Every structure is written in C-alpha cells, then in structure tokens.
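Residue numbers (the numbering used here): 82 to 472.
Encoded structure:
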C-alpha cells in the first residue's frame, strides 16, 4: 500500500543523542495515546535508527516509468497463471469474503498479487524501527508518528510479536501491505483465533482487504472499468477526469474493446488514456476510484483491474501500450513544465511530476499546435518544446 504523499517539512539528520531523545518523546506520546507503558518502553528501547530507511524515503527515481513498463512488469503471464491457480485453490475463502463484502474474488487476488506477489515477499524491515526512524525525521514526522503509535497498539493487542512485525521500508505490513492505521481500522479476525494476523493468516488478510474496499464504497454490481475503442478524430480533451453517463460515451462513438456497443447501464465513467492516443483507452467506473483509495496511481488502478480481469479468464489488452517510447527523467519533466509555463500554459510549480495540472497544460498546448490533445508528452510535444529525452 502506498504511503500518502504529504507536504514535506524541513529535513534534519538525527544524531545518536537526538534520536534517543526523540524515542523518549515518542514513547510518552504513545503512552498518552493509550499504549501500555510496558509495550511502549520495551519496543522503543529496541527501536534502531535505520539509515537505509532515510535513503529510501529521500530517493527519487531518475526516470519516470512508462505505462507499458509499469503494466508489463505487474501483469504478466506468470502472475496471471499463479493468480488463476490461487483463485481456484482458495475458492471457499474468497467466496466467503465476496459474500460478506461484495468484492469479487478476482479483485482480491489481484490486490494480493500486486502488493506482495501473492504473499511471497512482505518486506524484511523491522516495522517499529522503520517507523521510529521516520517519526524522528522532520520531513513527515506527523504522519509517521501516527503510524508508529498505531503499530504499538497492534503489538499491544497481541496481533503480532514485536520481533515478527516486519514490512516495507515505510511500514506497510502483511499479505496486503496495510499501513498500521489502516490495520487498526479495517483488519479483522476472520479465522477466529482471537488475533488479527495479516502476516500468517490468509483468511484474516483477504477479509481485511475486502472490508477495507467495502468501507471505501466498493460497488459489487459493477466492474472496475473496461478497455474501449475510440473513433477517429476523437476529442481527447474529454479525457480530463470528467465523468459522463455510458450513454453519452456511446453517443460520442466509443465502443468496447471488440467494437461492440457499450452496455446501456445507468452509470458514469471517466475516460483514461495512460499512454496517449497511441495506447489503450479505458472507461473507468466508480470502483476505479475505490482502487485509487488504496493506491493513488492510475497506473496501479488499471493494473489491479486488468490483472483481475485476466485472473477471471480474460485475455490481454486489444490495444497494448506502445513500448518504444522514451522514459522521461524528472529533469526533463521539469524542463517540460517550465517550457509550458513560459508559453502561458499553466502547469503549476515545476516539480518533475506528471500530475493533472501538467497534463492539462499539455492538452492546451497540443490543441493550439494542431496536435492530438491527449495530454500525453509524446515525441511531437517534446520536439516542439525542445525537450531532450533518453530512450
């Protein structure tokens, strides 16, 4: 599970004495928040400052990931084959989760596959130490202090011994990589052993995932979305997040991926074109937004939906994303944003992130330049704005 992107505060490096003092402050905060003094003192005494965690928190990838690379790494034949096998193997459990939460089994398997490759890797870092390290660092101390106190509560309730509480560098844990606050609110004891164990109990993990998705409004009557085909000369400015009824998308000439008319269902959808007009297009329904409540990435949400479809028996995309496209460096994106701003196309503060503001600015630039206004930084856009790239 992704850590929310929060405002960055000033950053300091903990000295040994500063870290010790910080641990004492966190210990007292935890006790004041209801954690037992025994748990708080014992766990905090063992917590270590992990330089590697700070390094990972600071690290920004040099190059952005293309949609083709992202999707192909996460939804491949091996993962689909394994997902189908596990869907059958755990059918009784998954059917129970579906009955109680409304989330279909293939989606539960898809989340499981993307988060930990079906439980094969949970992360090897001691969660109390990672969260203490991050809570003692100024950059996001408020958020990680909350996560640390939640982790101490999880230990306090007996869900997992402290020496077995391992997870990602940011504190995500178990089969479905819950952050501690999500664990406290949504984890359940589905196997009836008296513990909420997301590490060693698949029933607990799958039911907890279903309950979390249910809490965010999963609609069991509809799928996540679908791949679609767009007509020639389509107005890609409509792919700006607006939600329109399926009937209206049909009237605009959109069909399903096989050229058939869209179903006449009373639902709204947003058009998503993650690789521009040369790649696949998707109509994203309400559950797409629910998936993004788990991880705020359109790429992730599409990967979950597509993997769920494949696990359920569907084939590959009819229009796979082009692979021969440049992966933009963060420096190139900043240059792109600066170039757009100079020409009067407001992309916001240049930050090297391809967010909705940058895509909107690209769409306006494309429209004024006689290009397909899909909001994608393709080679024509980059060439016109003199932005260098590396393949």
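We treat Cβ as the ideally placed atom computed from N, Cα and C, and that holds for glycine. Fair warning: this is a prediction, and the values are worked out from it, not measured in the lab.
Contact between the segment 207-223 and the segment 323-336 is absent, with fewer than three C-beta pairs closer than 8 Å.
Note on the segment 376-406: whole alpha helix (DSSP H) runs with a minimum of 4 residues are 379-392, in chain order. Bounds of any beta strand (DSSP E) do not take in residue 129, whose DSSP letter is neither H nor E. Cβ atoms of residue 465 and residue 450 come within 8 Å of each other, at about 6 Å. Of the residues 285, 366 and 118, the one whose Cα lies closest to the Cα of residue 309 is 366.
Out of 337, 470, 398 and 403, the CA that lies nearest to the CA of residue 356 is found in 403.
Boundaries of the beta strand (DSSP E) around residue 310: 306-310. Judged by their CB atoms, residue 192 and residue 385 are nearer to each other than the 8 Å cut-off.
Looking at the backbone, the Cα of residue 319 and that of residue 363 are separated by about 12 Å.
Two segments are said to touch when three or more pairs of C-beta atoms, one from each, lie closer than 8 Å; by this definition the segment 115-134 does not touch the segment 386-402.
Between residue 225 and residue 212, the beta carbon gap of about 6 Å places them in contact (Cβ cut-off 8 Å). Between residue 282 and residue 259, the CB-CB gap reaches or exceeds 8 Å.
Of 238, 287, 255 and 182, the smallest CA-CA separation from residue 296 is found for 182. Taking 8 Å as the cut-off, the beta carbon of residue 307 is found closer than this to the beta carbon of residue 338. Exclusion of the five residues before and after residue 195 leaves 155, 381, 384, 385 and 388 as the residues of its chain whose Cβ lies within less than 8 Å of its Cβ. Residue 361 and residue 354 have their C-alpha atoms some 6 Å from each other. According to DSSP, residue pairing for residue 351 in a beta bridge involves 324 and 365. Residues 427, 428, 439, 442, 443, 446 and 466 of the same chain have their beta carbon placed closer than 8 Å to that of residue 421, with the five preceding and five following residues left out of the count. Three or more Cβ pairs closer than 8 Å define a contact, and the segment 341-355 falls short of that threshold against the segment 266-274.
Non-local beta-carbon contacts of residue 143 in its own chain, meaning distances under 8 Å to residues more than five positions away in sequence, involve 410 and 411 in chain order. Spatial neighbours of residue 233 in its own chain (CB-CB distance under 7 Å, excluding positions within 5 residues in sequence) are listed in chain order as 111, 116, 120, 121 and 124. For residue 192, the three-state secondary structure derived from DSSP is helix. If the five residues before and after residue 312 are omitted, its C-beta is found closer than 8 Å to the C-beta atoms of 333, 334 and 335, all from its own chain and listed in chain order.
Between the alpha carbons of residue 262 and residue 231 lies a distance of about 6 Å.
Residue 181 sits in a helix when the DSSP states are folded into three classes. Within the same chain, Cβ atoms closer than 6 Å to the Cβ of residue 284 are found at 174, 271 and 272, the five residues on either side in sequence being excluded.
Separation of residue 408 and residue 109 (C-alpha to C-alpha, rounded to the nearest whole angstrom) is 47 Å.
Rounded to whole angstroms, residue 280 and residue 437 show a C-alpha spacing of 36 Å. For residue 414 and residue 369, the gap between their C-alpha atoms comes out near 26 Å. In this structure, the CA atom of residue 348 is about 25 Å from the CA atom of residue 178. Distance from the CA of residue 376 to the CA of residue 276, rounded to the nearest whole angstrom, comes to 26 Å. For residue 184, same chain residues with a beta-carbon under 6 Å away, outside a window of 5 residues either side, are 291, 294 and 299 in chain order. Shown here for residue 359: same chain residues with a beta carbon closer than 8 Å to its own, the five before and five after excluded, namely 403 and 459 in chain order. Judged by DSSP secondary structure, residue 416 falls within the alpha helix (DSSP H) whose first and last residues are 411-423.
In the three-state reduction of the DSSP assignment, residue 297 falls in the coil class, being assigned neither a helical nor a strand state. Around the CB of residue 255, 16 or more other CB atoms lie within 10 Å, so the residue is classed as buried.
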